[in-house]
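In this note's numbering, the protein residues as written are 6 to 139. Cβ atoms here follow ideal geometry from the backbone N, Cα and C, with glycine treated the same way. Keep in mind that this is a model prediction, so the values were computed, not measured. Following: one structure in structure tokens, then a few remarks.
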């Protein structure tokens with residue numbers, strides 16, 4: 006991947022997301038195909054993989070849930086990685102976009118673009134979003 010638009014900390018975040026899905030990729034039942042990593046304002050990084058079941062959860066939700074469970078509340082950047090070789094950046098789905106607006110509205114998300122990976126604000130991924138105040 007071309008990382009021109011990312012900082013070294015962003016590159017490390019992508020690597021952590023790729024690492025967690027490489028360890029957990031399930032090409033048989035496809036229950037775990039995406040890994041995510043979230044970096045908190047304090048620099049701590051938490052990871053997660055998607056869980057497909059009757060009521061599954063996306064990797065971003067699992068990663069942020071792990072951070073929340075550890076007491077984190079301020080998030081700086083999140084990324085989701087998948088693919089059989091763990092080398093594809095995935096943008097958040099609609100549910101994750103709403104989840105990110107609710108839990109990490111000032112967070113940035115690493116996504117693919119024609120110019121290579123770049124960061125965008127969560128708010129830019131879901132304009133005119135419904136937002137609840139917690």
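Using a Cβ-Cβ distance cut-off of 8 Å, the region 105 to 115 and the region 53 to 64 are not in contact, since fewer than three pairs of beta carbons, one from each stretch, lie closer than that value. Take the alpha-carbon of residue 46 and the one of residue 105: they are about 15 Å apart. In the structure shown, the three-state DSSP call for residue 115 is strand. Look at residue 99 here: in three-state DSSP terms it is helix. Rounded to whole angstroms, the gap between the alpha carbons of residue 130 and residue 37 is 24 Å. A contact is defined here as three or more CB-CB pairs under 8 Å, and the region 70 to 77 fails this definition with respect to the region 90 to 107. The straight-line gap separating the alpha-carbon atoms of residue 23 and residue 86 is approximately 6 Å.
Residue 83 is a Cβ neighbour of residue 109, given a cutoff of 9 Å. Taking the Cβ atoms as the reference, residue 20 lies roughly 14 Å from residue 43, outside the contact range of under 8 Å.
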